[in-house]
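**Q** Numbering (the numbering used here), first residue to last: 288 to 708.
Backbone N, C-alpha and C fix where the C-beta goes; we use that ideal spot for every residue, glycine too.
In this text, all values refer to a predicted model and were calculated from it rather than measured experimentally.
1) Between which residues of its own chain and residue 606 is the CB-CB distance below 7 Å, once the five residues before and five after are set aside?
2) Which class does residue 645 belong to by DSSP, given the choice of helix, strand or coil?
3) Mind checking whether residue 650 and residue 415 have CB atoms under 7 Å apart?
4) What does the alpha-carbon distance come out to for the pair residue 561 and residue 384?
5) Taking the alpha carbon of residue 456 as the point to measure from, which residue in 330, 409, 665 has its own alpha carbon closest?
6) Below 7 Å between beta carbons: does that hold for residue 502 and residue 648?
7) Hey, how far is the Cα of residue 625 from the Cα of residue 472?
8) Could you tell me the distance, in whole angstroms, from the CA atom of residue 667 to the CA atom of residue 475?
9) Going residue by residue through the segment 530 to 569, where are the continuous alpha helix (DSSP H) segments of at least 4 residues, counting only ones entirely within it?
10) To which residues does DSSP link residue 681 through a beta bridge?
11) Which runs of the alpha helix (DSSP H), 4 residues or longer, sit entirely within the segment 404 to 451?
12) In terms of residues, what are the limits of the alpha helix (DSSP H) holding residue 372?
13) Does the segment 478 to 487 come into contact with the segment 396 to 406, if we say contact requires no fewer than three beta-carbon pairs (one atom in each stretch) closer than 8 Å?
14) I believe residue 615 touches residue 601 by the beta-carbon criterion, under 8 Å. Please report the beta-carbon distance rounded to the nearest angstrom.
15) Give me the Cβ distance between residue 323 and residue 487, rounded to the nearest whole Å; I'm assuming they're in contact under 8 Å.
16) Please return the same chain residues whose Cβ sits closer than 8 Å to the Cβ of residue 394, not counting the five positions on each side in sequence.
17) Just how far apart, CA to CA, sit residue 493 and residue 617?
18) What residue range does the beta strand (DSSP E) around residue 614 cover?
19) Thinking C-beta only, is residue 312 closer than 7 Å to residue 549?
20) I'd like to check one pair, residue 374 with residue 439: are the Cβ atoms closer than 7 Å?
21) Helix or strand or just coil, what does DSSP make of residue 320?
22) Mind reading off the beta-carbon distance from residue 660 to residue 526? Whole number of angstroms is fine, and I expect it under 8 Å.
23) Can the beta-carbon of residue 390 be found closer than 7 Å to that of residue 412?
24) Residue 400 and residue 446: beta carbons closer than 7 Å?
25) Please say whether residue 683 and residue 674 have beta carbons closer to each other than 7 Å?
26) So residue 504 is in the beta strand (DSSP E); what residue range does that whole segment cover?
27) Does DSSP classify residue 776 as helix, strand or coil?
28) For residue 367, does the count of other Cβ atoms within 10 angstroms reach 16, so buried, or fall short, so exposed?
29) What is the rounded straight-line gap between the Cα of residue 543 and the Cα of residue 662?
30) Give me the DSSP bridge partner(s) of residue 623.
31) Using DSSP bridges, identify the partner residues of residue 482.
32) In chain order, what residues of the same chain lie with their CB nearer than 7 Å to the CB of residue 351, ignoring the 5 residues before and after it?
33) Pick from 365, 379, 398: whose alpha carbon is nearest that of residue 326?
34) Going by C-alpha distance, which of 485, 681, 619 is nearest residue 418?
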């Protein structure tokens, strides 16, 4: 049976989790059911990943009577009435994961609106993430999606496009009171597990090549263009599972921005992932154990190798801007990386986006993860892991009790208020 973790305040989504063995990061998950979010309307700030998980994961494939169980419901746009709202945002704000947060907030707003509403896929999303993940499949059966403004204008119902700025949509998605973090985790759990064939091949190549087909832990090193540390960063320690080091010292941005050796060593040991021989066995639970014979992530809770002495392989996801830190982590912990794109100009931008997509999927599929709490890459992926995994072995946790400890940037409150008008 599934037991709620003490202290979790996201209680509400557990009736939806049907099969523990299926709750992993395998590609192409069952589709979300029409209206899956409705049981949580009005209580989103108190929703827990565990409760939401059942709605997101769906039934165990073995329990499905036939493939017809995957057939999406009726046309979700048919419910829109005359003058119904269609939400979108204009311009851009930040990179790939900012676009994912802003786009998720559009779906959250449309899904929880008093009257049926739709989403117009923003151009920034289409440029940044469109080629990498199958948004249509992720939204099929529960959301009304328009792929062009021309389609909205041609609709005889006289639909009204509500156009926010990308920054407003992004900041609205960060406000904890509207509960969209839980919704975002559910939305991204569907989207990220539907990658393009190119991303699937790239992930498989890293898992089979540099990682040698072994279970692996992962570190996300992200400098945020030199702005990771300091007063500008407003999220951080409040999300850490272990806010102090074994010697009692507080963990701060000087640890998780450069992934200091003392912090990495302490977290790998705490997560049962090394470093060095004799890594402790983790508590029983459903932790991912790397790719299985079918190329998908496994579900055996292994923290060490079959001999019980060698640690997991270690993957280092990074943005190629902290060469000294990369070299240190490779030298001291044996971290493996992958070839970085060498293209320049527009081609280089696309290659860099794809590289982030591959890193996100490797972080998602890892047995254990040490993420950067100031990075939207880490927060998006680790929120999904907390939703999907019974025992997510990672350095960050989420939920309203965590959000209450986090000081939000001053712009979030006013932005969220404007969006609710």
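**A** By the coordinates alone:
1) Position 319 of the chain shown, counting from 1, holds the residue named residue 606. For residue 606, where only same-chain residues beyond five positions count, the Cβ hits under 7 Å are 509, 510.
2) Position 358 of the chain shown, counting from 1, holds the residue named residue 645. In the structure shown, residue 645 sits in a helix (DSSP, three-state: H, G or I).
3) The residue given as residue 650 occupies position 363 in the chain shown. The residue given as residue 415 occupies position 128 in the chain shown. Cβ distance not < 7 Å, so residue 650 and residue 415 don't count as in contact.
4) Along the chain shown, read from residue 1 onward, the residue named residue 561 stands at position 274. Along the chain shown, read from residue 1 onward, the residue named residue 384 stands at position 97. CA-to-CA, the gap between residue 561 and residue 384 works out to about 29 Å.
5) As a first step, residue 456 is located in the chain shown; it is residue number 169 there, counting from the start. Closest by alpha carbon: 409.
6) The residue labelled residue 502 in the question sits at position 215 within the chain shown. The residue labelled residue 648 in the question sits at position 361 within the chain shown. Between residue 502 and residue 648, the gap from beta carbon to beta carbon reaches 7 Å or more.
7) One-based indexing of the chain shown puts residue 625 at position 338. One-based indexing of the chain shown puts residue 472 at position 185. A direct Cα-Cα distance of roughly 27 Å separates residue 625 from residue 472.
8) What you label residue 667 is simply residue 380 of the chain shown in a count that begins at 1. What you label residue 475 is simply residue 188 of the chain shown in a count that begins at 1. Roughly 8 Å between the two C-alpha positions.
9) Here the runs fully enclosed are 540 to 543, 548 to 557.
10) If you number the chain shown from 1, residue 681 lands on position 394. DSSP output for residue 681 lists 656 as bridge partner(s).
11) Taking only runs of at least 4 residues, the alpha helix (DSSP H) segments lying wholly in the segment 404 to 451 are 410 to 415, 422 to 426, 436 to 441.
12) As a working mapping, residue 372 is identified with position 85 in the chain shown. Where residue 372 is concerned, there is no enclosing alpha helix (DSSP H), although the beta strand (DSSP E) it sits in stretches over 372 to 377.
13) No: fewer than three Cβ pairs fall under 8 Å.
14) Position 328 of the chain shown, counting from 1, holds the residue named residue 615. Position 314 of the chain shown, counting from 1, holds the residue named residue 601. At roughly 13 Å, the Cβ-Cβ gap does not stay under 8 Å, so residue 615 and residue 601 are not in contact.
15) For the purposes of this step, residue 323 is identified with residue 36 of the chain shown, where counting begins at 1. For the purposes of this step, residue 487 is identified with residue 200 of the chain shown, where counting begins at 1. Wrong, their Cβ atoms sit about 26 Å apart, outside the cutoff.
16) By one-based count along the chain shown, residue 394 stands at place 107. 406, 426, 430, 470, 474, listed in sequence order.
17) Translated into positions along the chain shown, residue 493 becomes position 206. Translated into positions along the chain shown, residue 617 becomes position 330. When rounded, the distance between both Cα atoms is 16 Å.
18) The residue given as residue 614 occupies position 327 in the chain shown. From DSSP, residue 614 is part of no beta strand (DSSP E) but of the alpha helix (DSSP H) over 610 to 620.
19) Position 262 of the chain shown holds residue 549. Position 25 of the chain shown holds residue 312. Cβ distance not < 7 Å, so residue 549 and residue 312 don't count as in contact.
20) The residue given as residue 439 occupies position 152 in the chain shown. The residue given as residue 374 occupies position 87 in the chain shown. Result no, Cβ atoms of residue 439 and residue 374 do not sit closer than 7 Å.
21) To locate residue 320, count along the chain shown from 1; it is residue 33. Here residue 320 carries a coil assignment [DSSP, helix/strand/coil].
22) Position 373 of the chain shown, counting from 1, holds the residue named residue 660. Position 239 of the chain shown, counting from 1, holds the residue named residue 526. Contact between residue 660 and residue 526 is confirmed by a C-beta separation of about 5 Å, below the 8 Å threshold.
23) As a working note, residue 390 is residue 103 in the chain shown. As a working note, residue 412 is residue 125 in the chain shown. A contact, by the Cβ cut-off of 7 Å.
24) Along the chain shown, one-based indexing puts residue 400 at 113. Along the chain shown, one-based indexing puts residue 446 at 159. Against a cut-off of 7 Å, the Cβ pair of residue 446 and residue 400 comes out as no contact.
25) Reading the chain shown from its first residue, position 387 is the one you call residue 674. Reading the chain shown from its first residue, position 396 is the one you call residue 683. No, the Cβ-Cβ distance between residue 674 and residue 683 is not below 7 Å.
26) Here residue 504 refers to the residue found at position 217 of the chain shown. Under the DSSP assignment, residue 504 falls in the beta strand (DSSP E) whose first and last residues are 503 to 508.
27) This structure gives no information on residue 776, because the portion of the chain shown stretches from 288 to 708.
28) To locate residue 367, count along the chain shown from 1; it is residue 80. With at least 16 other beta carbons inside 10 angstroms of its own, residue 367 counts as buried.
29) Position 256 of the chain shown holds residue 543. Position 375 of the chain shown holds residue 662. In this structure, the CA atom of residue 543 is about 10 Å from the CA atom of residue 662.
30) The residue labelled residue 623 in the question sits at position 336 within the chain shown. According to DSSP, which records beta bridges pairwise, residue 623 is partnered with 602.
31) Walking along the chain shown from the start, residue 482 turns up at place 195. Assignment of beta-bridge partners to residue 482 by DSSP yields 420.
32) Within the chain shown, the letter at position 64 stands for residue 351. Any reading at residue 351 needs caution, since the residue's pLDDT is 32, under 50, leaving its predicted position unreliable; the model's value is listed next. Apart from the 5 residues on each side of it in sequence, residue 351 has no Cβ closer than 7 Å to any other Cβ in its chain.
33) Along the chain shown, one-based indexing puts residue 326 at 39. Nearest in C-alpha terms to residue 326, of all of 365, 379, 398, is 398.
34) Start at 1 with the first residue of the chain shown, and residue 418 comes out as number 131. When only C-alpha atoms are compared, the closest one is 485.
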